[in-house]
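In our numbering, the protein residues as written are 870 to 1048. Worksheet: the structure to be examined is printed underneath.
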């Protein structure tokens, strides 16, 4: 809840506090009661009589879309974190404020499980950027082919299509144990 200089009140949703998850988690420390700053008004989709105006703090910050794509090599895999899972695909964040969709049509044709059973929030997935629409801020991902997942080709750690390093270790431990 925010109060404007003219006395009107409005709302800033958690996702509109910052592009950075750490800033969102600690917003009370960085913006205590009485904090003053600039906020960007978010246009209402439909005018409703009693609708509370909404504002964004992140839109007055640096915009990560401004230079993320300069010099981007679309052939280099990215590691994205699953932020949402739906029947039609999984949303992944590859950098703070840079998210896109891995549509179910981009999964291998022999994938039998529905998307909500294939991905979970927090999963790490190796992807390629195959489509970017700057105007609408949409990114389309495809799964990175296994042969592209070499140690020198991933920006963070080595991941496999199957999951994280911990998953690989656990699978290896189970396969090597005696029943």
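Just so you know, even glycine gets a beta-carbon here, dropped at the ideal spot from N, CA and C.
Just the C-alpha distance for residue i and residue j, rounded to the nearest angstrom, thanks.
{"i": "residue 993", "j": "residue 949", "result": "6 Å"}
{"i": "residue 946", "j": "residue 906", "result": "38 Å"}
{"i": "residue 912", "j": "residue 1015", "result": "43 Å"}
{"i": "residue 935", "j": "residue 928", "result": "12 Å"}
{"i": "residue 890", "j": "residue 896", "result": "10 Å"}
{"i": "residue 977", "j": "residue 887", "result": "35 Å"}
{"i": "residue 956", "j": "residue 1012", "result": "17 Å"}
{"i": "residue 879", "j": "residue 980", "result": "46 Å"}
{"i": "residue 986", "j": "residue 920", "result": "37 Å"}
{"i": "residue 925", "j": "residue 900", "result": "14 Å"}
On the CB-based measure, 16 or more other CB atoms within 10 Å of its CB, does residue i come out buried or exposed?
{"i": "residue 982", "result": "exposed"}
{"i": "residue 963", "result": "buried"}
{"i": "residue 938", "result": "exposed"}
{"i": "residue 996", "result": "buried"}
{"i": "residue 1005", "result": "exposed"}
{"i": "residue 971", "result": "buried"}
{"i": "residue 961", "result": "buried"}
So, helix, strand or coil for residue i, using DSSP?
{"i": "residue 911", "result": "strand"}
{"i": "residue 893", "result": "helix"}
{"i": "residue 928", "result": "helix"}
{"i": "residue 877", "result": "coil"}
{"i": "residue 935", "result": "coil"}
{"i": "residue 920", "result": "coil"}
{"i": "residue 964", "result": "strand"}
Just checking my contact of residue i with residue j at CB under 8 Å: how many whole Å lie between their CB atoms?
{"i": "residue 966", "j": "residue 933", "result": "4 Å"}
{"i": "residue 908", "j": "residue 893", "result": "Actually they are not in contact, since the Cβ atoms of residue 908 and residue 893 sit about 15 Å apart, beyond 8 Å."}
Which ranges would you report for the alpha helix (DSSP H) in the segment 972–1020 if only whole runs of at least 4 residues count? 984–987
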